[in-house]
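From first to last, the protein sequence lines stand for chains A and B. The first sequence runs contiguously to residue 106 in my numbering. The second sequence runs contiguously to residue 168 in my numbering. Idealized CB from N, CA, C, for every residue including glycine. Model, not experiment: these values are computed from the prediction. Written below as structure tokens is the structure these notes are about.
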Amino acid sequence: EDQVTQSPEALRLQEGESSSLNCSYTVSGLRGLFWYRQDPGKGPEFLFTLYSAGEEKEKERLKATLTKKESFLHITAPKPEDSATYLCAVQASGNTPLVFGKGTRLSVIA
Amino acid sequence: KAGVTQTPRYLIKTRGQQVTLSCSPISGHRSVSWYQQTPGQGLQFLFEYFSETQRNKGNFPGRFSGRQFSNSRSEMNVSTLELGDSALYLCASSYRTISTDTQYFGPGTRLTVL
Chain A
-3 EDQVTQSPEA LRLQEGESSS LNCSYTVSGL RGLFWYRQDP GKGPEFLFTL YSAGEEKEKE
57 RLKATLTKKE SFLHITAPKP EDSATYLCAV QASGNTPLVF GKGTRLSVIA
Chain B
55 KAGVTQTPRY LIKTRGQQVT LSCSPISGHR SVSWYQQTPG QGLQFLFEYF SETQRNKGNF
115 PGRFSGRQFS NSRSEMNVST LELGDSALYL CASSYRTIST DTQYFGPGTR LTVL
């Protein structure tokens, strides 16, 4: 069974304090790993898709990396507007649905 | 390009009633997936439709059903509502290519069952 575990569940950072969020996964044949950002009461907003180990993608203060067993979302010099829940999901090969982790709730304090 | 739209945004129902939620995907997207999100369980997959056919189904009771129309718009129906059905229901659309299969989410419908 495909599984996704995100850690930590919650993270509180001071503005400018860089850190990483972890997404560990087990999947039978990875088609893609996805990162989303979700603000309270809203739908998840797409951030990145990673397809193979060693791949990296960046967007503003965010950088996602992928290994064969986990993905990291690095947040460099975060700002209060980066506060949100960050969700990780995996999709196995074939027409299979996404499997989501429970998310990391990030709070950035000014 | 307009994003995924969902209607209504908020619903309040009582136990035993039924409800229909609607989703309009991004133009050109043929796949629509539905998810239930609760604080305890996170995002759980309900079903996926592609070209009017159900392609995948999650582990939910038969009270949850859906359909997709020829214009790719989708509806989901929940019959005989229970208190535990209170959740944010999210719809996502995607356009699969060889290199990408990213799902884009709508704002969700917040369902409260009293």
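Check the Cα spacing between residue 85(A) and each of 13(A), 103(A) and 69(A): the tightest is with 69(A). By the criterion of at least three beta-carbon pairs nearer than 8 Å, the region 18 to 35 of chain A is not in contact with the region 64 to 76 of chain B. Fully enclosed alpha helix (DSSP H) runs of no fewer than 4 residues are not present anywhere in the region 73 to 125 of chain B.
Judged by DSSP secondary structure, residue 157(B) falls within the beta strand (DSSP E) whose first and last residues are 157 to 159. Spatial neighbours of residue 3(A) in its own chain (CB-CB distance under 6 Å, excluding positions within 5 residues in sequence) are listed in chain order as 18. If the five residues before and after residue 75(B) are omitted, its C-beta is found closer than 6 Å to the C-beta atoms of 130, 143 and 163, all from its own chain and listed in chain order. Residues of chain B whose Cβ lies closer than 7 Å to the Cβ of residue -1(A) do not exist, since the nearest Cβ in that chain is about 12 Å away. For residue 147(B), the enclosing beta strand (DSSP E) covers residues 141 to 148. Within chain B, the residues placing a beta-carbon under 9 Å from that of residue 27(A) are 155, ordered along the chain.
Nearest to residue 167(B) by C-alpha distance, out of 83(B), 157(B), 133(B) and 127(B), is 133(B). Taking one beta carbon from each stretch, the region 91 to 100 of chain A and the region 57 to 65 of chain A have fewer than 3 pairs nearer than 8 Å; the two do not touch.
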